[in-house]
Each structure stands twice: as structure tokens, then as C-alpha cells.
Amino acid sequence: MKFLKAGVILLTFTSVGLAAGTAALVPPVFVESYESPSPLYAPSELGYERIIVTEEEEQLFNMINEQRAKEGADPLHWNNQLASAARFHSQEMIDNDYFDHDSKDKNGVSYENAFERIARFNYEPDVPPGAIGENIGGTQILEHMMQLWLDSPGHHANMVNTMFTEIGIGIRVGGPYGKMFTTDFGYRSLEYDLAISSGDILSTQVGSKLLITALVHNPGVTHTYPVMVRFYEGDPEGGGQPMGPDAKVPAIIIGDDYRPDTAKMEWSTSGNSGEVEIYVVVDPDDKFEESNENNNIASRVVSYTGVAEEIASPPTAFELYECTPNPMTQRARISYSVPEPMPVRLQVYDVTGRSVVKLVDEKHLPGTYELIWDGRDNSGNMVGAGVYLLCLDNGRQTNTLSLVVIR
Numbered sequence: 156m157k158f159l160k161a162g163v164i165l166l167t168f169t170s171v172g173l174a175a176g177t178a179a180l181v182p183p184v185f186v187e188s189y190e191s192p193s194p195l196y197a198p199s200e201l202g203y204e205r206i207i208v209t210e211e212e213e214q215l216f217n218m219i220n221e222q223r224a225k226e227g228a229d230p231l232h233w234n235n236q237l238a239s240a241a242r243f244h245s246q247e248m249i250d251n252d253y254f255d256h257d258s259k260d261k262n263g264v265s266y267e268n269a270f271e272r273i274a275r276f277n278y279e280p281d282v283p284p285g286a287i288g289e290n291i292g293g294t295q296i297l298e299h300m301m302q303l304w305l306d307s308p309g310h311h312a313n314m315v316n317t318m319f320t321e322i323g324i325g326i327r328v329g330g331p332y333g334k335m336f337t338t339d340f341g342y343r344s345l346e347y348d349l350a351i352s353s354g355d356i357l358s359t360q361v362g363s364k365l366l367i368t369a370l371v372h373n374p375g376v377t378h379t380y381p382v383m384v385r386f387y388e389g390d391p392e393g394g395g396q397p398m399g400p401d402a403k404v405p406a407i408i409i410g411d412d413y414r415p416d417t418a419k420m421e422w423s424t425s426g427n428s429g430e431v432e433i434y435v436v437v438d439p440d441d442k443f444e445e446s447n448e449n450n451n452i453a454s455r456v457v458s459y460t461g462v463a464e465e466i467a468s469p470p471t472a473f474e475l476y477e478c479t480p481n482p483m484t485q486r487a488r489i490s491y492s493v494p495e496p497m498p499v500r501l502q503v504y505d506v507t508g509r510s511v512v513k514l515v516d517e518k519h520l521p522g523t524y525e526l527i528w529d530g531r532d533n534s535g536n537m538v539g540a541g542v543y544l545l546c547l548d549n550g551r552q553t554n555t556l557s558l559v560v561i562r
């Protein structure tokens, strides 16, 4: 990698002196602008799109943003590509017994620097300015790590640098200090557009509970991590009340065939029959500044039955209903009924009989169920055009239907 500004890599800060075996720091790195390296591909199995933030990573994320607020800097947004690069580095430092910004093999030989590593996880900062930074450290206690970085001028500067807009944190247990911390910072202009419509709201009744799901889309140009979704009983602007705590969607990914993700809510019907108008509000606290704020709320009226009625007249057949639309282009709605408690498996096969994706594999109570297939296989890749077979199985019965995919 070629750096455009000589001397901008800040590797000259003095390391903090600490008792051996308790904690450690090395100087941070910061690059204000650089030429992008040759494209490096991070395979989908690395999972950077769907990474789940740990409690400690979220705590450190909040601590850094609280410090930025104290010093007049805008909050950083979480980025899973940066987080995956950070987690990888923390774990590799433990596994290969080293402590450095460069990635090293088990023989201690450097094979990539921090910026090449971040690029390998498909993070490409805007150029200009294209800023990238990294803090690493080792200690057992989260608050201790934060204080060490605050006390070190270079690490502190990275955490409150107004040039950065995104952050990823990787904390891994192990190594000589108990835990390894890597925090990667990046700059990209942010343009979000979270969206939901009434057709994205689905429900299934199981006993006296209504299981509600909402598909959230991101037709913007920036991935969102994470997104909070709030479910209301009635119009929130007309006195509607939250149906429960906010649901957290770990990641909503953009792209030409942008991928929705699902928020879930469980609501008690109190054993009665009736209907409820469910409102779903995406990003209710306006954490994301969006190009279109008019598509963040949707509603749908859902009917439900009393427990006695439901028990008296459950579905009479184990049945797979015709999915819609068929042919499908991006996603299809699949419905099926279960007449009694039983294990249920729903899979998609191609015409050769190869399993493409397993959609359901769990025990069901009596009821009618709906789900959305987004046209992706078990690896998260879009399937090609062709004819596919839906197979609903309970160990005794099998129902099949054909589904045509058009690209």
C-alpha cells in the first residue's frame, strides 16, 4: 500500500508504562489519506454482514461516543466490516502470540498491515479524506482499557477525531493480559434510508400469543448497524402504546438486491378474540439521519382468535399453501398449516435434489404460519434463475410445491 502523505502515520507516541502481565498498549495508527489497495475479497462466510455485537463491545462503543460528546465530536456509527476486522485481529494476536498492528503468522512474520487487513474485510473509506485509524490494547477490565486509551495522547486522539464517522470493536478473551482489544476507525460519508411497508408486517398466532415480524429494508447506500424497531398497539401519534421493548435488528445490508432483515415481537392476546392495528416504527429515536424519513412507519390490521376458539378449530391438515408471488424475483411469502404439535422442517431444493436452504427446522404448535424467503441459499448468496422445490416435512408427511425464480 502506498501512503500519500509522508509522516502522517502516527507511530511515534510513547507506549504507556505498565506492570508486566497486567495490561499493555502500543502506539496507535492513523492515516489521513491513502491510495486504495488492490481489491481484496472477504468471503461471505466471514460473516461481517450479520455480526452480533457483544455486551462488552457495545459498552466500549457507548463509552467512546460519550467521550466524543464531551469533546464536541459527532457520534460514531457502528460498522460490521470494521468490527469483523477488529475481532479477527484481536483473536489472531492471541492465537499467534504477538502484539502489533501488523498481522503476523505463527512464525512472527508480518503478512499485512492494519489498512490491508481492513480492506480485506471489504471496508473502503471515502477518498478524500479516506481516514483510517486503529487502537489496540490488552487488559482484563473494560474500564481499565478505556482509561488507558484516554491517558495516551495518540489513542485519545483517534477516539475523538472528528474526521472519523464509523467504528468497529473486537474484544477477545485470552492472551497474556486476559483480553485483547482492537478498535478500528474509518471515514465514509453516510447516507441511510430505512424503509418498511404494510406488506412487510406478518403475524402468526400460537396459543394466546401473537408472533409479529416486520421486514426492514435499506435502499440507501450505507449499511446500518444495529437498527431499533418499535411495535405499537394503535397509532403512536394518536395515543398508541408500545407492545413491548424495542426489537434490535443487528444489521440491514444495502446492495442492488438489498437484503431486508427481520424484527420480532411477541404480544399476548389475553385469550380474547378481536383485531389490533399494529404500527411498526423503524429507528424511532432517529439514530440515523436518512435521505427519506417518510418510509419509516407502516401499519397493518391483524385479527386473532380466543384460545377456546383456536383450540376448538385448529387447522385440519398439515398443508403447504401456494407461495406468492410465483414466479418470484426478490422474495416470496410462504404459508403452511400445522394441525397438532409436531416437528416441522421446510427446505428448498433445486431440480437436482440438492438442498439449497433450510428455512424451518423446529417443533410447532397448532396454527397457520407465514415466512418470507429472500431468495438466498444457506451461504447467503442469491440463487440463480430456475425452478425450485419447496418441501414441507413432519417426519410422517411431506408436501411439495414448485417455485420459479426469475432474475
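Residue numbers for the sequence shown follow the working numbering, so the first one is 156 and each next one is one higher.
We put the beta carbon where it would ideally sit given N, CA and C, even for glycine.
Counting along the chain, K364 sits inside the beta strand (DSSP E) bounded by residues K364 to V371. Note that the segment 266-274 does not touch the segment 347-364; fewer than 3 beta-carbon pairs, one per stretch, sit closer than 8 Å. For S534, the three-state secondary structure derived from DSSP is coil. Closest in alpha carbon position to F336, among N316, P405, T294 and F216, is T294. Taking the C-beta atoms as reference points, V404 is found nearer than 8 Å to V384.
Unbroken alpha helix (DSSP H) stretches of 4 residues or longer found wholly inside the segment 281-342: 297-306 and 308-315, given in chain order. Shown here for Y459: same chain residues with a beta carbon closer than 6 Å to its own, the five before and five after excluded, namely Q360, L365 and T424 in chain order. In this structure, S492 and E474 form a Cβ contact; the two beta carbons are roughly 5 Å apart against a cut-off of 8 Å. In the structure shown, E210 falls within a helical segment according to DSSP collapsed to helix, strand and coil.
Under DSSP, the beta-bridge partners assigned to H519 are M497.
Here F386 carries a strand assignment [DSSP, helix/strand/coil]. Boundaries of the alpha helix (DSSP H) around D250: N235 to D250. Contact check between the segment 205-220 and the segment 295-303: three or more CB pairs, one atom from each, fall below 8 Å, which counts as touching. CA-to-CA, the gap between A240 and R272 works out to about 7 Å. Where A274 is concerned, the enclosing alpha helix (DSSP H) starts and stops at A269 to R275. Rounded to the nearest angstrom, the gap between the Cα atoms of I409 and N449 is 18 Å. Measuring C-alpha to C-alpha distances from P469 to each of E445, P482 and P496 identifies P496 as the nearest. Note that the C-beta distance between A406 and Y380 is below 8 Å. In the three-state reduction of the DSSP assignment, K225 falls in the helix class, which pools H, G and I. Here E392 carries a helix assignment [DSSP, helix/strand/coil]. Residue pairing by DSSP places R562 in no beta bridge whatsoever. Three or more Cβ pairs closer than 8 Å define a contact, and the segment 475-491 falls short of that threshold against the segment 390-404.
Taken atom to atom, the span from the alpha-carbon of G508 to that of K334 is near 46 Å. Annotated as distal: W304 and G288, with beta-carbon spacing of 8 Å or more.
As computed with DSSP, P397 is found in a beta bridge with Y387. Per the C-alpha coordinates, the member of V371, V328, L345 and P280 positioned closest to D339 is P280. For Y543, the uninterrupted beta strand (DSSP E) run begins and ends at G541 to D548, by DSSP. When secondary structure is reduced to three states using DSSP, I409 falls in the coil class, being assigned neither helix nor strand. Comparing C-alpha distances from Q302 to each of C546, Q222, E445 and E517 shows the shortest one belongs to Q222.
For T320, the closest alpha carbon among the candidates M420, Y504, P331 and S344 is that of S344.
Here DSSP, grouped into helix, strand and coil, assigns S425 to coil. Looking at S352, A540 and Y476, the one whose alpha-carbon comes closest to that of V506 is A540. Around the beta carbon of E226, fewer than 16 other beta carbons lie within 10 angstroms, which makes this residue exposed.
Annotation for V456: E430 and E432 place their beta carbon closer than 7 Å to its own, counting only its chain and skipping 5 residues before and after. Per DSSP, T460 has no beta-bridge partner at all.
Where I356 is concerned, the enclosing beta strand (DSSP E) starts and stops at I356 to V361.
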